[in-house]
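Trainee:
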Amino acid sequence: MLRFKYPIYLLLSFLIPSLTFGGEILLQSTTSTNNSGFYGYILPKFKDETGLSVKVVAVGTGQAIKNAENCDADILIVHAKKAEEKFVANGGGIKRYDLMYNDFVVVGPDADPAQIQQTKTISEALTYISRVQPSFISRGDNSGTHKKELELWGKVPISVKEYSGKWYKETGSGMGTTLNIAAELDAYTISDRATWLTFKNKKALRILFEGDPLLFNQYGVALVNPEKCPKTKTKKAKKFLNWLLSENGQSEIENYTVNGIQLFYPNAIK
Amino acid sequence: MSVFLEAFSTAFNLIVSLDTSLLEIVWLSIKISISSLIIASLFGFPIGALLAMKSFGGRALIITIFNSMMGMPPVVVGLVVYLMVSRSGPLGWLEILYTPYAMIIAQVILIFPIIVALSTQILEELHKEYEDIFKIFSVPPRTAVITYIFDSKDALLTIFLAGFGRAISEVGAVIIVGGNIDHATRVMTTTIALETSKGDLPLALALGIILLGLSLIVNLIATKIKSGTTGGING
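Have a look at this one:
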C-alpha cells in the first residue's frame, strides 16, 4: 500500500492550501486591457493602498457581460457603452461610469491595396475597402471591438454580411488571434490601440488609418447588482470602483505606458 | 524557421533561470492533472473491473457510451461544468468557479471515460482467459481482481499515462472554468493560448516545448516503474 501514499499526499498538499479562497474581488474584463499588461500594473497599486486583491478574467466584452449577468463577477470593466447600459437597465449592474478611453485603429498590409491611407474619414476608408475588396478580418465574436466595427460598417452603403466568408472573414476569436490571422493573410482589420501596440507578431501589418473621432474607444465600469446576485462582494468591489474613479486611480491609469506610449486616458467624471 | 530557434533558446533560458512564474504555472498544471487522474482512477478502475467481469443487461450499451465519451470535446465539458458551478448554476453555492477545483472537475469528466473504457477492455481480455480456471479452483472474485490488476499492471500504467496526457494537454475546458487567472488558475496550456493571442509565438512555442518535456519526464518515470516491477529493464 506504501506506493499509493504518495499520490494521496500530493492530492492533499494541493487541496489543503486551496481551502482558503474566495477573498478576492472578481473582475470580468476584456483581453485588450489584460493582455496589454494594464491590470498587472494597476492592481498591485490598488493592493498597496487597500490590501485587497483582484482576480481578472479576460474575455470579449460580450462574454464578460454574459458572465456578469450569470453573477460570475463582482465588477465589470468593458468597452461597449450601449451594451453596458443595457446590462445596468436589465438589473445586472448598479450603475455604469466612464473610466478611461483610447481609440481604435485600422491596420492592414504595408502595401495598402485599398489605398485607405489617402482617406480622411473612417467611412471613406471602409468604402475604399468595400470597393477593392481585399481580405478584411472581423472579430465576429460580439466583443466591444466587433460591435464598434459593425457600427462603422453601418455607415458604408454595402452590407458586409453578404460577403461573409469571401473577402469579409469573421474569425469569432479574440483580438490577438484575429491580428495573427490578418498578419498571415495580409488583410485589413480593426483593433483597439492597446492590443495593437503590445501585439508582437505584426509581420507586414501597420496602422493605415487612425484619428477619426468615430474611432473613440470608451471603457466603462459597473458594479454587479447585489440584489440580483446576492453572493457578490459588493463592499470590496465598491472600494475598487471608488479607487479607480478617484484622483489616485485615475492618475495611475494615466501613468501606465508601454515602450513610453500611454495606452489609456482616464476620463472619469469627478 | 527563426521562430523555432528563438523558441528553443527561450525555453532553455526559462528552464535554466528557474523563472518563478513559470514554475508556478508548471506546478499548478501538474497538481491539477494528477489530482484529476487520481480521482478519475478511484472511480474509473472499479467501474471498469465491474463492466469487465459482470454480465448484465445494458452492459454493451454502457461500454459503447464510455467508448464514445472518450472523444468528448473539452470545450463542451468546460461549458457544461461552467453552467453547473456558475454562481447562477445549480452548484453555484460551492463557489468554485475560477478556482482549481472547477478545473479538476472538468478534467475528471474528461479522463474518467478513458479510464473506464480502456480498463474494461484490458480486464475483459484477462477475464476471458482466466475465468474457467478460476471457476474450477473456486477463486473468490476479490482475489481474481487482484490477480488481474497484478497481471496487467503495465497495461494499467499505460491507461494512467493516457489519462494524464489528456488532462495535462487540454485547454478548452480549463480556460472556461478556470478563467486563466494569473497566479490562480493559469496553467501551461492556457498560458500557451494567451501568449499566442498576444502574438508572442516564440514564447508560446517555448512553453509548448517545456510541456512536452514534462510529459517526457512523466513517461520516463512510468517506464522506470514498469521495469522496476518486472525486475530491471533486461529482466
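Line order of the protein sequences matches chains A and B.
Residues in the first sequence are numbered from 1 upward in steps of one, following this note's numbering.
Residues in the second sequence are numbered from 1 upward in steps of one, following this note's numbering.
Every residue, glycine too, gets a C-beta built ideally from N, C-alpha and C.
Name the residue from B:Ser9, B:Ala49, B:Leu14 whose alpha carbon lies nearest to the alpha carbon of Ile236 (chain B).
Mentor: Residue 236 (chain B) is absent from the model: chain B starts at 1 and stops at 235.
Trainee: Contact criterion: CB-CB distance below 9 Å. Does Thr119 (chain A) meet it with respect to chain B?
Mentor: Not an interface residue.
Trainee: Using a Cβ distance threshold of 8 Å, determine whether the stretch 163–175 of chain B contacts the stretch 31–43 of chain B, with at least three qualifying pairs required.
Mentor: yes
Trainee: Give the residues of chain A in contact with Lys198 (chain B), contact being defined as C-beta atoms less than 8 Å apart.
Mentor: Asn35, Gly176, Thr198, Phe199, Lys200
Trainee: Below 9 Å between beta carbons: does that hold for Leu118 (chain B) and Thr158 (chain B)?
Mentor: Yes. Within cutoff.
Trainee: Is the stretch 50–60 of chain A in contact with the stretch 195–214 of chain B, if contact means three or more CB pairs nearer than 8 Å?
Mentor: no
Trainee: According to DSSP, is Met100 (chain A) helix, strand or coil?
Mentor: strand
Trainee: State the Cα-Cα distance for the pair Gly172 (chain A) and Leu83 (chain B), rounded to the nearest angstrom.
Mentor: 21 Å
Trainee: Spatial neighbours of Gly235 (chain B) within its chain, please: C-beta separation below 6 Å, excluding the five flanking residues on both sides.
Mentor: Any reading at Gly235 (chain B) is ruled out, since the residue's pLDDT is 37, under 50, leaving its predicted position unreliable.
Trainee: Grab the span of the alpha helix (DSSP H) containing Lys82 (chain A) for me, first residue to last.
Mentor: 81–89
Trainee: So, under 8 Å CB-CB, Val105 (chain A) and Ser191 (chain A) are touching, yes? Tell me the CB distance rounded to an integer number of Å.
Mentor: 6 Å
Trainee: Less than 9 Å between the C-beta atoms of Asp74 (chain A) and Val221 (chain A), yes or no?
Mentor: no
Trainee: Using a Cβ cut-off of 8 Å, which residues of the stretch 74–96 of chain A contact any Cβ in chain B, in chain order?
Mentor: Flagged: no residues at all.
Trainee: Does Ala184 (chain B) get closer than 9 Å to chain A when you measure Cβ to Cβ?
Mentor: yes
Trainee: Can you list, in chain order, the residues of its chain whose CB lies under 6 Å from that of Ile175 (chain B), leaving out five sequence neighbours each side?
Mentor: Thr190
Trainee: Ignoring anything shorter than 3 residues, give me the beta strand (DSSP E) runs that lie fully in the stretch 29–80 of chain B, in order along the chain.
Mentor: Listed in chain order, nothing qualifies, since the stretch 29–80 of chain B has no complete beta strand (DSSP E) run of 3 or more residues.
Trainee: If you reduce the DSSP assignment to three classes, tell me which class Asn217 (chain A) lands in.
Mentor: strand
Trainee: Contact check, Leu126 (chain A) vs Val156 (chain A) under 8 Å by CB: the rounded distance?
Mentor: 5 Å
Trainee: Compile a chain-ordered list of the residues in the stretch 154–172 of chain B whose CB is closer than 9 Å to at least one CB of chain A.
Mentor: Listed by position, the residues of the stretch 154–172 of chain B near chain A (Cβ gap below 9 Å) amount to none.
Trainee: The alpha helix (DSSP H) that contains Ser169 (chain B), what's its start and end?
Mentor: 153–169
Trainee: Beta carbons nearer than 7 Å to chain B: which residues of the stretch 218–232 of chain A have them?
Mentor: Cys229, Lys231
Trainee: Can the beta-carbon of Ser135 (chain A) be found closer than 9 Å to that of Leu179 (chain A)?
Mentor: no
Trainee: In the DSSP assignment, the alpha helix (DSSP H) including Leu126 (chain A) goes from what residue to what residue?
Mentor: 122–132
Trainee: Using a Cβ-Cβ cut-off of 9 Å, state whether Leu263 (chain A) counts as contacting chain B.
Mentor: Taking Cβ atoms only, chain B never reaches closer than 9 Å to Leu263 (chain A), which makes this a no.
Trainee: Could you check whether the stretch 137–157 of chain B touches the stretch 97–105 of chain B, counting it as contact only if at least three pairs of C-beta atoms, one from each stretch, sit closer than 8 Å?
Mentor: no
Trainee: Less than 9 Å between the beta carbons of Ala182 (chain A) and Ile129 (chain A), yes or no?
Mentor: no
Trainee: Would you kindly work out how many angstroms separate the C-alpha atoms of Arg142 (chain B) and Glu124 (chain B), rounded to a whole number?
Mentor: 15 Å
Trainee: Let me see if you follow: with CB-CB separation under 9 Å, is Lys45 (chain A) close to chain B or not?
Mentor: Taking Cβ atoms only, chain B never reaches closer than 9 Å to Lys45 (chain A), which makes this a no.
Trainee: Tell me the rounded alpha-carbon separation between Ser123 (chain A) and Trp153 (chain A).
Mentor: 8 Å
Trainee: Which stretch, first to last residue, makes up the alpha helix (DSSP H) that contains Gln63 (chain A)?
Mentor: 61–69
Trainee: What is the residue span of the alpha helix (DSSP H) that Lys169 (chain A) lies within?
Mentor: Segment 168–170 is the beta strand (DSSP E) holding Lys169 (chain A); no alpha helix (DSSP H) there.
Trainee: What do you reckon, is the C-beta of Lys82 (chain A) under 8 Å from a heavy atom of the ligand GDP?
Mentor: The model on display carries no ligand, and the ligand GDP is accordingly not part of it.
Trainee: For Ile105 (chain B), count neighbouring Cβ atoms within 10 angstroms of its own Cβ and tell me buried if that reaches 16, exposed if not.
Mentor: buried
Trainee: Specify, as a first and last residue, the run of the alpha helix (DSSP H) that Thr196 (chain B) falls within.
Mentor: That run of the alpha helix (DSSP H) goes 188–197.
Trainee: Between Ser197 (chain B) and Gly108 (chain A), which are expected to be in contact by the criterion C-beta below 8 Å, what is the C-beta distance as a whole number of angstroms?
Mentor: Not really, about 20 Å apart at Cβ, beyond 8 Å.
Trainee: Which residues share a DSSP beta bridge with Leu205 (chain A)?
Mentor: A:Pro109
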